[in-house]
Amino acid sequence: MMLEEALRPGTAQAHSPQILPAGGDGLLVRFALVAEPRAIAAAQSFHQRVTESDLAGLREVVPSLVSVLLRFDPEAVTRAEMAERLETLLSEADWLSAAPHPAQRVWHLPVAFGGEHGPDLEEAAKLAGLSPQAAIDEITATPLSVLAIGFAPGQPYLGLLPEHWNLARRSELNPRVPKGALCVAVRQLVLFANASPTGWHQIARTAFDVFRPDQTDPVPLHAGDEVRLAPVSGTEMDALLKAGDPMGGARCEVRS
Amino acid sequence: MSGGSLILRSVGPSVSVQDMGRPGRMAQGISRGGAVDPLALVEAAALLGSRKPLPALEMAVSGGRFEVTAPTRIALTGAPMQAELDGRPLRWGASHRMEPGEVLSIGAARAGMFGYLTFAGGIETAEVLGSRSAHLAAGIGSALEAGARLPLGADPEPDAPAMVLTQDDRFSGGTLRIIPGPQTGLFDEATFARLSTTEFTRARQGNRQGVALESDAPALTSDKAKGLASDVIFEGDIQMTGAGTPYVLLAECQTIGGYPRIGTVLPCDLPRIAQAAPGTKLRFKAVTLDEADALALRWEAQLQAQRAKLRPLIRDPHDIHDLLSYQLISGVTAGRELEEENG
Chain F
2 MMLEEALRPG TAQAHSPQIL PAGGDGLLVR FALVAEPRAI AAAQSFHQRV TESDLAGLRE
62 VVPSLVSVLL RFDPEAVTRA EMAERLETLL SEADWLSAAP HPAQRVWHLP VAFGGEHGPD
122 LEEAAKLAGL SPQAAIDEIT ATPLSVLAIG FAPGQPYLGL LPEHWNLARR SELNPRVPKG
182 ALCVAVRQLV LFANASPTGW HQIARTAFDV FRPDQTDPVP LHAGDEVRLA PVSGTEMDAL
242 LKAGDPMGGA RCEVRS
Chain G
-11 MSGGSLILRS VGPSVSVQDM GRPGRMAQGI SRGGAVDPLA LVEAAALLGS RKPLPALEMA
49 VSGGRFEVTA PTRIALTGAP MQAELDGRPL RWGASHRMEP GEVLSIGAAR AGMFGYLTFA
109 GGIETAEVLG SRSAHLAAGI GSALEAGARL PLGADPEPDA PAMVLTQDDR FSGGTLRIIP
169 GPQTGLFDEA TFARLSTTEF TRARQGNRQG VALESDAPAL TSDKAKGLAS DVIFEGDIQM
229 TGAGTPYVLL AECQTIGGYP RIGTVLPCDL PRIAQAAPGT KLRFKAVTLD EADALALRWE
289 AQLQAQRAKL RPLIRDPHDI HDLLSYQLIS GVTAGRELEE ENG
């Protein structure tokens, strides 16, 4: 009943967690409609809680920016039963004011800003009201969180940058950014898994490969990981790209 | 056990190996992929007596010319296409035996978009992340080219009789049942209602990622879509682009997107949209969650249903009650009567 009610046209709520049907075998728990910090933190905390919960009949958990998708096995549990279990989990805490657990893993990724590796750096910095160097300093000083993996395999959405980075997407699509392009828009950075057209601004590039289909762990970054960007020169990036190591000079620090 | 090789003498522009895909990897940014018409793989499994769907060649609009190096049964399912074995026309929606040296020619689709060629021993190319499917959008595997040789598994029962089934009709458009989704609430009542009263035409733009629809009706837009956080998206979602034209996502869609979705097509009706050729008429019909959940069938149950429809391709004359009305050649029918019977 509650599910059908939540779905009526014209009833989208800006806040409060909602449990919503999502396709033939899914339910979505959504904390907000826009990518605001407390909803992002709520989605991360709730994702962690669901992952630890061992809910019966749960087949797949997919965290996104402000929501968590849960796919269930329709032969093991009905949609209503799963909604009820999620309702119970949700009632455990005030997720929108919950502080997320600190990241267990911190990735340090070498990136080259500007020049041929970041052709849109100057324009993006200007839109953010900063000099290119101030933009680089601010972005590298910000502890970034992997908010979600998606669109393409392994591709991370990183954020959030300070409010003045709430840049619109470019009106004209960049027909092709290379694999490894680091692009900025809407207070987030995306690290491209493959060469792709995009409306985001390419400010830097990394030699870190976010998708490695022939390896046991094809997607090294996980939602909730922290990412620190370490600036290197264009020449150093050329050398890293040429070396062809999928780690691209990155290292992963595991916190105990 | 090896079943020899499949040799692609020539091949259409979009032929790839597809199985049931890679479910369960959305958190890694990988959509299911696999056959855009999984029912075709289930039909082939029924025809070949396989306990589970086998990897097959998915052929978009046209096939190619194929040879094998060991005898095997094949199944032809999905969009009916022109098919000949050494010049003899082959029945679609059926299994056949193919010998080394014979040339299988598969031409243009007579209806629908995606035909499937399945081998009884399966295609044994290397698995990537648990599946043999090419995921073109994710950069896993690629479309096949002329001259390719693919390893086949041995047919466990090469002498089993050829079978036929009447394929579920999904090649001529019709009604797609939908349920509301997480973003239906962003659209107003009138817009959502208009989705069900509008007749849509399958547009020219479409591939394994999704299909665009057109209509003469006013655009289906939401004024609450601006600034929306990107969110998970999946097969069946009806995405509304800025222009307000629906784009229905298919097996190889991206996993996160920013456009709002007005609703979701039920998995059982997705073959109907995947198989709609440009110009085909389609409608949406909203159903309740309970109705949708009652229709959710796993492939195991679908396979059982398809098995129940199997008949021998050439029927024993003793089984034909009106035998005298058929033109007989050496005691068997020419088979054409059966084609007409099944449309």
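Protein chains in written order, with the numbering used here: chain F, 2 to 257; chain G, -11 to 331.
Where is the CB? At the ideal position from N, CA and C, for every residue including glycine.
Item: Proximity test, G:G0 beta-carbon vs the ligand ATP heavy atom, cut-off 6 Å; Value: Only the bare structure without any ligand can be found here, which leaves the ligand ATP out of the picture.
Item: F:Q203 - partner residues in DSSP beta bridges; Value: F:C184
Item: Beta-ladder partner(s) of F:N175, from DSSP; Value: F:T199
Item: The segment 35 to 53 of chain F in contact with the segment 187 to 206 of chain G per 3-pair CB rule at 8 Å; Value: no
Item: Cβ neighbours of F:T143 in the same chain (closer than 7 Å, five flanking residues each side left out); Value: L162
Item: Among F:E61, F:R31, F:A23, the one whose alpha carbon lies nearest that of G:G12; Value: F:E61
Item: Beta-carbon contacts of F:L159 that lie in its chain and below 8 Å, excluding the five residues immediately before and after; Value: L145, S146, V147, L148, Q189, L190, V191, L192, V228
Item: Within-7 Å CB hit, G:F272 to chain F; Value: no
Item: Straight-line Cα distance separating F:V35 from F:V67; Value: 7 Å
Item: Beta-carbon proximity check, G:E177 vs G:G21, cutoff 7 Å; Value: no
Item: Of the residues G:Q70, G:I(-5), G:V24, the one placed nearest G:R158, counting alpha carbons only; Value: G:V24
Item: G:G138 - partner residues in DSSP beta bridges; Value: The identity of residue 138 of chain G in the sequence shown is Leu, whereas the question assumes Gly. According to DSSP, which records beta bridges pairwise, G:L138 is partnered with G:L(-6).
Item: Other residues of its chain near F:C253: CB distance less than 6 Å, five sequence neighbours each side excluded; Value: R106, W108
Item: Bridge-paired residues (DSSP) for F:F114; Value: F:A205
Item: CA-to-CA distance, G:I244 to G:Q334, given in whole angstroms; Value: In the structure as shown, chain G begins at -11 and stops at 331. Residue 334 of chain G is therefore absent and cannot be evaluated.
Item: Rounded straight-line distance, which links the Cα of G:A148 to that of G:A82; Value: 13 Å
Item: Segment contact flag, the segment 224 to 242 of chain F with the segment -8 to 10 of chain G, C-beta cutoff 8 Å, min 3 pairs; Value: no
Item: Same chain, Cβ closer than 6 Å to G:R137, neighbours up to 5 away in sequence not counted; Value: S(-7), I(-5)
Item: Alpha carbon of F:H16 to alpha carbon of G:L92, nearest angstrom; Value: 59 Å
Item: Within 7 Å of chain F by C-beta, residues of the segment 250 to 268 of chain G in sequence order; Value: T252, L254, P255
Item: N- and C-terminal bounds of the beta strand (DSSP E) containing F:P133; Value: Run containing F:P133: none in the beta strand (DSSP E); it sits in the alpha helix (DSSP H), 133 to 142.
Item: C-alpha distance - F:P179 paired with G:M86, whole-angstrom precision; Value: 46 Å
Item: Cβ-Cβ distance between F:P214 and G:V116 below 7 Å; Value: yes
Item: G:H84: first and last residue of the uninterrupted alpha helix (DSSP H) it sits in; Value: Careful: G:H84 lies outside any alpha helix (DSSP H), inside the beta strand (DSSP E) at 82 to 86.
Item: Members of the segment 173 to 187 of chain G that neighbour chain F once the beta carbon cut-off is set at 9 Å; Value: G173, L174, F175, D176, E177, A178, T179, F180, A181
Item: Rounded C-alpha distance that separates G:L27 from G:S38; Value: 14 Å
Item: Contact list for F:R86 against chain G, beta-carbon separation under 9 Å; Value: In chain order: nothing, as chain G lies at least about 16 Å away.
Item: Outcome for G:H84 when other beta-carbon atoms lying within 10 angstroms are tallied against a minimum of 16; Value: buried
Item: DSSP three-state assignment for G:T113, whether helix, strand or coil; Value: coil
Item: Cβ pair count under 8 Å reaching 3, the segment 280 to 289 of chain G against the segment 62 to 82 of chain F; Value: yes
Item: Rounded C-alpha distance that separates F:N195 from G:P77; Value: 44 Å
Item: Spatial distance of G:P259 from G:A134 (CA atoms); Value: 28 Å
Item: Reference G:A264; option with closest CA among G:L164, G:I302, G:W287, G:A114; Value: G:L164
Item: Proximal chain F residues relative to G:R216, where beta-carbon distance stays under 8 Å; Value: Per the sequence presented here, residue 216 of chain G reads as Leu, with Arg not at that position. Within 8 Å Cβ-Cβ: L34, V35.
Item: Cross-strand partners of G:V199 (DSSP beta bridge); Value: G:G194, G:V236
Item: Segment limits, beta strand (DSSP E) that includes G:G52; Value: 50 to 56
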